[in-house]
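Following our numbering, the numbering of the sequence shown begins with 1 at its first residue and continues without gaps.
Don't be surprised by glycine CBs; every beta carbon is placed ideally from N, CA and C.
For reference, the structure is listed below as structure tokens.
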Amino acid sequence: ALAAAARWAALPRDPLVSTLFWCWTAGIAVVLLFRSNLDAAAPTVSGEIHRAGGAVLFASLPLAAWTLSARLRTEPAWRTAARALRRGAVAGVVTAAAFGMAQVVTWLPGGLFERAALLAEFSIVVTTAMALRRAAARAAEARRVQPPAARAQTGTETPAADTRQAAR
């Protein structure tokens, strides 16, 4: 849904961002398909695959948000969204790193850090969705108020369609 909204809102495209979003999606799929280890002292193949998927999940979305925010900072219409994405990316990296450390340092509260990382990921998704929604609304409003002749020049509407509309 975010990809469709990004196209509709004319979000500037970046192959690295797209790849990172695909990695994030794959990480989600792996985490959902493979059960985690029930006991840290008795790791299973499924649990280790789950952990690897989680690492991809927690690393790729903040990196995608950071990369996208760097790209959007150059676009005046996207600067506010870029700042919000950058904040989400920083929170995502910090919480993902804390959760990663909890995998090695056993006395750290891994469950708490995992939930914080999930909250940061959720905030990135919500921030992205809200920015796309606002941009799509701006684009729709611009199309609505743009005169037919200007739409014909920009290719958003053909002169023949304008003639048919005027005849009605």
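So residue i and residue j are in contact, right, with Cβ under 8 Å, and what is the actual spacing, rounded?
| i | j | result |
| --- | --- | --- |
| Ile-49 | Gly-88 | Actually they do not touch by this definition, with Cβ atoms about 27 Å apart. |
| Ala-177 | Leu-85 | Nothing about residue 177 can be reported from this structure: the residues present for the chain run from 1 to 168 only. |
| Leu-11 | Ala-135 | 7 Å |
| Ala-65 | Gly-92 | 7 Å |
| Gly-53 | Val-31 | 4 Å |
Just to confirm, are residue i and residue j a CB contact at a threshold of 8 Å?
| i | j | result |
| --- | --- | --- |
| Cys-23 | Ser-60 | yes |
| Leu-57 | Gly-27 | yes |
| Ala-116 | Ala-129 | no |
| Thr-95 | Ala-120 | yes |
| Thr-74 | Asp-14 | no |
Specify the secondary structure class of residue i as computed by DSSP and reduced to three states.
| i | result |
| --- | --- |
| Trp-78 | helix |
| Arg-83 | helix |
| Val-145 | helix |
| Leu-119 | helix |
| Thr-106 | coil |
| Leu-112 | helix |
| Leu-11 | coil |
Near residue i, which residues of its chain fall below 6 Å by C-beta distance, leaving aside the five closest residues on each side in sequence?
| i | result |
| --- | --- |
| Trp-78 | Leu-72 |
| Ala-161 | For Ala-161, the predicted structure reports a pLDDT of 43, less than 50, and the residue's modelled location is therefore unreliable. A value from the coordinates is still provided. Cβ within range, chain order: n/a, list empty. |
| Ser-46 | Phe-34 and Arg-35 |
Between which residues of its own chain and residue i is the CB-CB distance below 8 Å, once the five residues before and five after are set aside?
| i | result |
| --- | --- |
| Ala-102 | Leu-108, Pro-109, Gly-110, Phe-113 and Glu-114 |
| Thr-106 | Ala-40 |
| Ala-55 | Gly-27 and Gly-100 |
| Arg-51 | Ser-36, Asn-37 and Gln-103 |
Ordered along the chain, which non-local residues of its own chain (more than five positions away) have a Cβ less than 7 Å from that of residue i?
| i | result |
| --- | --- |
| Thr-44 | Asn-37 |
| Val-90 | none |
Contained alpha helix (DSSP H) runs [length at least 4] in the region 14–95, N- to C-terminal order: If we require 4 residues or more, the alpha helix (DSSP H) runs fully inside the region 14–95 come out as 15–33 and 45–72.
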